[in-house]
Each structure stands twice: as C-alpha cells, then as structure tokens.
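**Student:** Below: one structure in structure tokens.
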Amino acid sequence: MKALSRTRKYGFRIATPLMATTALASLLIFGGTGTAQATPSYAYASLGFTNFQLTGIVDSHGNALPGVTINSVAVTMTDGANYPGYPSAGTTSFGDLATGVDAPGAYSGPGPATGPNIFTPALQMSSGTRSDGLISGALASGATSNLVAEGRLTQGLSSAGSQAGSSTTIRATFTTTSSLTVGLLGSAIAQVMASVGQVGDSASAQIFAQFTVFDATTNTYVNICKTSDPTDCSQFLTPTELNISAATTDPSTSPSVTSSLTDFSYFANLTADHTYQVTLQDQVTEILSTVPEPASMAVLGMGILGLAGVVRRRKHR
Numbered sequence: 025m026k027a028l029s030r031t032r033k034y035g036f037r038i039a040t041p042l043m044a045t046t047a048l049a050s051l052l053i054f055g056g057t058g059t060a061q062a063t064p065s066y067a068y069a070s071l072g073f074t075n076f077q078l079t080g081i082v083d084s085h086g087n088a089l090p091g092v093t094i095n096s097v098a099v100t101m102t103d104g105a106n107y108p109g110y111p112s113a114g115t116t117s118f119g120d121l122a123t124g125v126d127a128p129g130a131y132s133g134p135g136p137a138t139g140p141n142i143f144t145p146a147l148q149m150s151s152g153t154r155s156d157g158l159i160s161g162a163l164a165s166g167a168t169s170n171l172v173a174e175g176r177l178t179q180g181l182s183s184a185g186s187q188a189g190s191s192t193t194i195r196a197t198f199t200t201t202s203s204l205t206v207g208l209l210g211s212a213i214a215q216v217m218a219s220v221g222q223v224g225d226s227a228s229a230q231i232f233a234q235f236t237v238f239d240a241t242t243n244t245y246v247n248i249c250k251t252s253d254p255t256d257c258s259q260f261l262t263p264t265e266l267n268i269s270a271a272t273t274d275p276s277t278s279p280s281v282t283s284s285l286t287d288f289s290y291f292a293n294l295t296a297d298h299t300y301q302v303t304l305q306d307q308v309t310e311i312l313s314t315v316p317e318p319a320s321m322a323v324l325g326m327g328i329l330g331l332a333g334v335v336r337r338r339k340h341r
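This note's numbering applies: residue 25 is where the sequence shown begins, and numbers increase by one.
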C-alpha cells in the first residue's frame, strides 16, 4: 500500500508539470504569429487601361492646348499593404501627364515577396499582401495604366487580418479662354477574386473608378456624356463595368468576376472663361480575415482544461 501511495504521489507530481506545459503550449500557439491555416483566405483585384486618353487640355508633352491655361496638375499614386506580425509597407509617388507615374510597390508578409509591376495573380503559392501601380506614357496620346491588390492570409487567429490597396488620382485645374470639349477614352479590363478556407473566414476584393469635371466658377459638376449616346450623361461617371467587387465567407463559394470594357468614350462640354477641375480616380483593394481552425480550437480547449485542472489540484493540496 505504501508503494502504491508513493506511485500515485509521484505520478501526480510528474503529470502536473506535463499538463501545465501542454496548457501553456496551447495558449502560445495562439499568440505571436498564430497558426497556419489548412486552406488560406485569398483575394485579388486588378484594373488595367490601354490607350487611355484625356483629351482637350494638354498635348502629349503636357503643354496646355490653345484656349486653356493650366493652373495646377497632380498625378498621384498610393499603395499599401499589411500582414499580421510583419511590418506594414506603403508609398506615395508623383508623376505628370506627359510620362505618367510608377509606384515602387508595397509588400508585407512572410514571403517570398513578389517583384514590381506584376499585375497578374502572384501570391497563389506564398503568403502576404501586396499592391502596385503604374501609368506609362502620355495621358493625352494613349497611356497604359495598371493597379493591383492581392493577399493570401495563411495565419489563423481570432483577429488575424490583412489588406492591400492601390489608388491613382489625376487632377488638373485649368481656366478656359474659349469653349472647348474634354474627352476620356480608351479600353479597360477589371478582375476580382475571393476565396476562404473555412466558415468564419472572410475575403473581399473591390474596384472603384470615377471621373468628374467640376466647374469652380459656378460650383457645380459638369455632365459627362457617352460619345455613342449624347443623351446618356452623368455628373459622376462610375462605369458599372469597372466598379465591381467579390466577397465571400463560405468556403464552397469562390466568386470571380472579370469585366471587360472596350473602346469606351466620354466627353464634357466646357464654357469659356470658367475654371474647371478634372479628376480621375481609381482604386483596387482587398481585405482578408481568419479565425482559428476547429482542430486548433480543440487543442486550445484541452490546454485550458488541463491548466484549470492543475489549478484545482493545487488548491486542494
């Protein structure tokens, strides 16, 4: 009996640190960088223009056309990315109407990181978030413009999340000395994709594009009309083909939308001796979040129960 008593005694003393270690390890799994997802959350958004032209204001060298006095021009591109446990990244770059602008790209995550000016899916086999943008060529004579945001989240935390986005703003303020017409034409294609690994995770991708002409003299927005149908006009041009999104919280549903818009053409008539501001904005974003996987939650629960049992036994010693 004494031998059995000692066995139980020592058995308890050996088991106690083991249970405490298991509990602590389970808790640590969900701290710091988190657990790996069996199936990651993924989102992708890209917007591309070809033969993109803003006409009626400047020539291919960025000089004002007859009847126009340029007051200011700003071509700005911003990108950013963040991923849990890694430094965030982001830049703002400036260009002009004659040459465009090239953002260096932003990346955050464990890698491997992607290179610059890649506007097709590039994170399908790695982890992280990225965004990038490029306008090349003169906007008056046919430029190429691209934006991308992509993320693949492989960490499972109760509050793990990532996001990336790129945006471009082209703004020209000018005064007319005669009546004129400004135009916007070219071709574009937009694509969004989203998928998740388990119920409770979320993934979304969105594209936004808008063109406005503001009359600072009358404090009103000018109607922008389709060249093919001058009666189809809007003060805020946001083509439905380019303003698309995809989102899911269901692993059985992975929405993917590709929208092409070819040979689009719009115009706006301006009045002499007025000051105008022409603004073109486009933006792509992705946002991801994950929760612990059920198996990991079970391990965590066992660890917590084990730790609770240790505490109870110690109270009764």
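Glycine included, each C-beta is placed from N, C-alpha and C at the ideal position.
Using the three-state DSSP reduction, which class does Q77 fall into: helix, strand or coil?
**Tutor:** If DSSP states are grouped into helix, strand and coil, Q77 belongs with the strands.
**Student:** Taking the alpha-carbon positions, what's the L71 to D297 distance?
**Tutor:** Roughly 36 angstroms separates the two Cα atoms.
**Student:** Quick check: the Cα distance between V92 and A270, rounded to an integer number of angstroms?
**Tutor:** Approximately 41 angstroms, taken between the alpha carbons.
**Student:** Quick one: which unbroken beta strand (DSSP E) runs of 3-plus residues sit fully inside the region 259 to 296? Chain order, please.
**Tutor:** Within the region 259 to 296, the complete beta strand (DSSP E) runs of at least 3 residues are 269 to 272, 280 to 294.
**Student:** In angstroms, rounded to a whole number, what distance separates the CA positions of G139 and L89?
**Tutor:** Cα-Cα distance, rounded: 38 angstroms.
**Student:** Mapping DSSP to helix, strand and coil, what is F232?
**Tutor:** Three-state result, F232: strand.
**Student:** Would you say the region 271 to 290 touches the region 165 to 173, given that touching needs at least three Cβ pairs under 8 angstroms?
**Tutor:** Touching, no, given that fewer than three Cβ pairs across the two stretches are closer than 8 angstroms.
**Student:** For the beta strand (DSSP E) containing S84, list its first residue and its last residue.
**Tutor:** Looking at the DSSP string, S84 is not in any beta strand (DSSP E), and its letter there is neither H nor E.
**Student:** Just verifying my parser: in three-state terms, what is the DSSP assignment at A137?
**Tutor:** In the structure shown, A137 sits in coil (DSSP, three-state: anything other than H, G, I, E or B).
**Student:** Run the CB neighbour count on N350, radius 10 Å, all protein chains shown included, and call it buried at 16 or more, exposed below.
**Tutor:** Residue 350 is absent from the model: the chain starts at 25 and stops at 341.
**Student:** Compare the C-alpha of V302 against each of A67, E310, N247 and name the closest.
**Tutor:** Ranking A67, E310, N247 by Cα distance to V302 puts N247 first.
**Student:** Compare the beta carbon distance of G157 and S190 with 8 angstroms and say whether it is the shorter of the two.
**Tutor:** It is a contact, given that the beta carbons lie within the stated cut-off.
**Student:** If you draw a straight line from the C-alpha of E174 to the C-alpha of S202, how long is it?
**Tutor:** Whole-angstrom Cα-Cα distance: 45 angstroms.
**Student:** Quick one: give me the first and last residue of the beta strand (DSSP E) that P111 is part of.
**Tutor:** Element bounds for P111: 110 to 119.
**Student:** Which of the three DSSP states is assigned to F198 in this structure?
**Tutor:** Strand.
**Student:** Just the C-alpha distance for M217 and V99, rounded to the nearest angstrom, thanks.
**Tutor:** Taking the straight line from one Cα to the other gives about 28 angstroms.
**Student:** Where does P254 fall in DSSP's three states?
**Tutor:** If DSSP states are grouped into helix, strand and coil, P254 belongs with coil.
**Student:** Under the three-state reduction of DSSP, which class applies to I94: helix, strand or coil?
**Tutor:** Of the three classes helix, strand and coil, the one that applies to I94 here is strand, per DSSP.
**Student:** Tell me which residues share the same chain as R336 and place their Cβ nearer than 6 angstroms to its Cβ, disregarding the 5 neighbours each side in the sequence.
**Tutor:** Any reading at R336 must be qualified, since the residue scores a pLDDT of 48, below 50, and its modelled position is unreliable; the value itself is stated next. Hits under 6 angstroms: none found.
**Student:** Determine the direct distance from the alpha carbon of A229 to that of V223, and round the result to whole angstroms.
**Tutor:** Looking at the two C-alpha atoms, the distance is approximately 18 angstroms.
**Student:** Note down the Cα distance separating Q215 from V281, rounded to an integer number of angstroms.
**Tutor:** Approximately 6 angstroms, taken between the alpha carbons.
**Student:** Going by DSSP, which residues form a beta bridge with M101?
**Tutor:** In the DSSP output, where bridge partners are listed per residue, M101 has S117, T192.
**Student:** When the Cα atoms are used, what is the spatial distance from F76 to L209?
**Tutor:** Going by the C-alpha atoms only, they are around 6 angstroms apart.
**Student:** Can you tell which of L78, T63, Y68 has the C-alpha that lies nearest to the C-alpha of Q305?
**Tutor:** Checked all of L78, T63, Y68; the closest Cα to Q305 is L78.
**Student:** Can you tell me which of the three DSSP states M149 falls into?
**Tutor:** Three-state result, M149: coil.
**Student:** Taking F238 as the reference, give the member of P275, S226, T200 with the closest Cα.
**Tutor:** Considering only alpha carbons, the answer is T200.
**Student:** For G210, which of helix, strand or coil comes out of DSSP?
**Tutor:** In this structure, G210 counts as strand in the three-state DSSP scheme.
**Student:** Grab me the residues of P134's own chain with a C-beta within less than 6 angstroms of its C-beta, minus the 5 sequence neighbours each way, in chain order.
**Tutor:** The residues are S151.
**Student:** Mapping DSSP to helix, strand and coil, what is A69?
**Tutor:** In this structure, A69 counts as strand in the three-state DSSP scheme.
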